[in-house]
Amino acid sequence: MKFGFSYVGLIWYVLLLIPNLIWTKHKPKDYEEYVVKENKILLALERTGQFIITPVAIFFSDFNYKGWHFWSIVLLVSFLCMVLYELFWIRYFRSEKTMKDFYSSYWGIPLAGATLPVVAFFLLGIYGGNILLLMGSVILGVGHIGIHLQHRNEVYGPKVKKKRKLPQRILFGTFKVVATLLLIVICGAFMFFIACRNINQFKHAIAYKDGVNDQIYVQLNDQEEYISIIGKSTENPVIISLHGGPGSPTTYIDYCWQDYLTDKYTVISWDERGCGRTYYRNMGIDSDNLTLSFEQQVEDLDALVNYACERFDQEQVIILGHSYGTMLGSRYALAYPEKVSAYIGVGQCVNERDYYGETYSYQDALIQAMAMGDDTTEMEAAYEKFSTDKSIANLLQLRSYVSQYHPQTVTKDISAMAALTSPIAGVDDIRWYMVQMGATMGDTRYEELVEKPLGQYMMDFNALEYNDNYQMPVLLLSGSCDWICPVGLVKEYAQCITAPNVEVNLIEGCGHSPQGQLPKEFADRIKAFLEK
Numbered sequence: 001m002k003f004g005f006s007y008v009g010l011i012w013y014v015l016l017l018i019p020n021l022i023w024t025k026h027k028p029k030d031y032e033e034y035v036v037k038e039n040k041i042l043l044a045l046e047r048t049g050q051f052i053i054t055p056v057a058i059f060f061s062d063f064n065y066k067g068w069h070f071w072s073i074v075l076l077v078s079f080l081c082m083v084l085y086e087l088f089w090i091r092y093f094r095s096e097k098t099m100k101d102f103y104s105s106y107w108g109i110p111l112a113g114a115t116l117p118v119v120a121f122f123l124l125g126i127y128g129g130n131i132l133l134l135m136g137s138v139i140l141g142v143g144h145i146g147i148h149l150q151h152r153n154e155v156y157g158p159k160v161k162k163k164r165k166l167p168q169r170i171l172f173g174t175f176k177v178v179a180t181l182l183l184i185v186i187c188g189a190f191m192f193f194i195a196c197r198n199i200n201q202f203k204h205a206i207a208y209k210d211g212v213n214d215q216i217y218v219q220l221n222d223q224e225e226y227i228s229i230i231g232k233s234t235e236n237p238v239i240i241s242l243h244g245g246p247g248s249p250t251t252y253i254d255y256c257w258q259d260y261l262t263d264k265y266t267v268i269s270w271d272e273r274g275c276g277r278t279y280y281r282n283m284g285i286d287s288d289n290l291t292l293s294f295e296q297q298v299e300d301l302d303a304l305v306n307y308a309c310e311r312f313d314q315e316q317v318i319i320l321g322h323s324y325g326t327m328l329g330s331r332y333a334l335a336y337p338e339k340v341s342a343y344i345g346v347g348q349c350v351n352e353r354d355y356y357g358e359t360y361s362y363q364d365a366l367i368q369a370m371a372m373g374d375d376t377t378e379m380e381a382a383y384e385k386f387s388t389d390k391s392i393a394n395l396l397q398l399r400s401y402v403s404q405y406h407p408q409t410v411t412k413d414i415s416a417m418a419a420l421t422s423p424i425a426g427v428d429d430i431r432w433y434m435v436q437m438g439a440t441m442g443d444t445r446y447e448e449l450v451e452k453p454l455g456q457y458m459m460d461f462n463a464l465e466y467n468d469n470y471q472m473p474v475l476l477l478s479g480s481c482d483w484i485c486p487v488g489l490v491k492e493y494a495q496c497i498t499a500p501n502v503e504v505n506l507i508e509g510c511g512h513s514p515q516g517q518l519p520k521e522f523a524d525r526i527k528a529f530l531e532k
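One point on numbering: in UniProt numbering, the residue at position 247 of the sequence shown is 247, and numbering is uninterrupted.
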């Protein structure tokens, strides 16, 4: 929810107001005899709804047009409701202006003069993600539609139901109940998640009022790239968080664990070149990700570090990488030790040469399965299929078999709820997530945009051969049940590197993303390491 002038809200309000002002001079001839019978409770609800939606629609900028995307359909339908509303009034003003003219249906829409604006403002609330407008619309709808439904019944009398045969009545009644319940569930779900999102927005606005709470695009070399920055004091040390994938940004989810760090650190999340909001920002100049390479991402990270140091008056930053982000983060920390005060690898990638980590996990699962006397035919077939075609769909199929022998004792994961209630999630986050999901169903767009430009570097990566010499403390933090970046390889890597301090820290029972499973414990482990 963002305070600011909404020209869309103003247009909707003007479209609502003008015909009603004209109507005051052209009321139905017999309208006054019905007014005295209006239900006082419904009237109070109508006035309350009007009192809420008027300022909210105008003074929150959430409702302004944000460019064409699938949520724009909601805005378009809302606008069409207002257009139909205006056409309804035109028909009425050209009629004899009786109560029957006022309450006759329009294009099959009953009580069009009451229902259309309520639906329009409710849809506008969904488009803008604003619970206040949604609540105001519901309250207005109960009161406004209730009053006019009462008047309509008085004008036309009780509706005579067409007599149907028993099977038809059962079928029609069941359909109405199911449709009504489905509508209630859908609208209720929208309201619930939007309310949670708005609550998180208010929490962040209050928590970071004296610090920083920015979601911005910054110039990193030849592209504008998206970052989120949160922290309670701009004087705190800076952590730069690097997401995994490659090309799997979690910027809109990361608040769920970063909020536990922001009392002592300013945390920057970044949609790396070629993915997420950064991709869509630059799609006009690099739609095929021709500028994407591992080396370019390292250069972009260096530009981001320089930006962070200059903005927050720091000489060094803390680099925190997750999964693929540990490749990027570790190589950067080794190349620019003077700019990095500590390196934290979460689910550290160690040996990705020819997907060795997957082979390592598969072999362990195969040994366990054979020891238990299980049939391994399907798992072995999945591995052979993946060996010949390393697509994401085949990878996920292999993992579905392997994971049965690597259960996690911590089964909860708040990532999905964090995404649905995120205070900063936007349309481009959803668009990119759909690109990623398409890869699991055989669509090649994600692989062409991300896997191909970065795949060769990943396929050659084996940190066990590099004799890495870190000039800063190193924390290798993993879930004890991580078999995507296997803990066994992480421990082996810790023995191969030199650093002022190397710590391997396992969060018991968690898998590849402990930050989404036990976010507070995850943050506490980081704090404990950095405060030593």
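Just so you know, even glycine gets a beta-carbon here, dropped at the ideal spot from N, CA and C.
Every value quoted in this text rests on a predicted model; they were computed, and no experiment measured them.
Apart from sequence neighbours up to five positions away, the residues of its chain that approach ASP429 with a beta-carbon distance below 6 Å are TYR252, ordered along the chain.
The criterion of a C-beta distance shorter than 8 Å is satisfied by ILE240 and VAL317. With contact defined as three or more Cβ pairs closer than 8 Å, the region 334–344 and the region 279–290 are not in contact. Boundaries of the alpha helix (DSSP H) around ALA120: 112–128. The region 476–492 and the region 437–450 do not touch, with fewer than 3 CB-CB distances between them shorter than 8 Å.
Taken in chain order, the complete beta strand (DSSP E) segments of 3 or more residues contained in the region 294–344 are 317–322.
TYR92: member of the alpha helix (DSSP H) spanning 72–93, first to last residue.
In the DSSP assignment, GLY438 falls within the alpha helix (DSSP H) that extends over 427–440. The region 365–379 makes no contact with the region 491–503; the number of CB pairs closer than 8 Å stays below 3. In this chain, GLY231 is not harboured by any alpha helix (DSSP H); it is covered by the beta strand (DSSP E) spanning 223–231. Close CB contacts of THR421 within its chain, under the 7 Å cut and outside five residues either way in sequence, are with PHE193, CYS196, ARG197 and ASN200 (chain order).
For SER478, the enclosing beta strand (DSSP E) has its first and last residue at 474–479.
Listed as beta-bridge partners of ILE367 by DSSP are no residues whatsoever.
At a Cβ-Cβ threshold of 8 Å, ILE526 and LEU301 do not count as neighbours. At the C-beta level, ALA44 and GLY9 stay beyond 8 Å of one another. With respect to the 8 Å criterion, TYR92 and PRO117 are not classified as neighbours on the basis of their beta carbons. Judged by pairs of C-beta atoms under 8 Å, the region 145–156 does not touch the region 378–396, as fewer than three such pairs exist. Only buried fits TYR401, as 16 or more other CB atoms lie within 10 angstroms of its CB. For ILE344 and LEU476, the gap between their C-alpha atoms comes out near 6 Å. One Cα belongs to GLY347, the other to HIS243, and the distance between them is close to 11 Å.
Here ASP62 is actually not in contact with MET135; their C-beta atoms are around 14 Å apart, not less than 8 Å.
Looking at LYS385, GLU358 and ALA371, the one whose alpha-carbon comes closest to that of VAL487 is GLU358. From the listed residues TRP107, ILE126 and THR54, the smallest Cα separation to ILE73 is found for ILE126. Where GLN219 is concerned, the enclosing beta strand (DSSP E) starts and stops at 212–220.
About 21 Å separates the Cβ atoms of GLN408 and GLY245, ruling out a contact at the 8 Å cut-off.
With a 10 Å radius around the Cβ and a threshold of 16 neighbouring Cβ atoms, VAL178 comes out exposed. By the beta-carbon neighbour count (other beta carbons within 10 angstroms, threshold 16), VAL350 is buried. It is roughly 25 Å from the alpha-carbon of MET99 to the alpha-carbon of VAL138. In the three-state reduction of the DSSP assignment, ASN39 falls in the coil class. In the DSSP assignment, TRP257 falls within the alpha helix (DSSP H) that extends over 255–258. Assignment of THR174 by DSSP, reduced to helix, strand and coil, places it in the helix class.
The C-alpha of TRP23 is placed about 56 Å away from the C-alpha of GLY516.
Closest in C-alpha terms to SER391, from the list ARG445, VAL410 and PHE59, comes ARG445. By DSSP's assignment, ILE240 forms a beta bridge with ILE268 and ILE319. Under DSSP, the beta-bridge partners assigned to GLU503 are LEU475. In this chain, the alpha helix (DSSP H) harbouring CYS496 covers 487–496.
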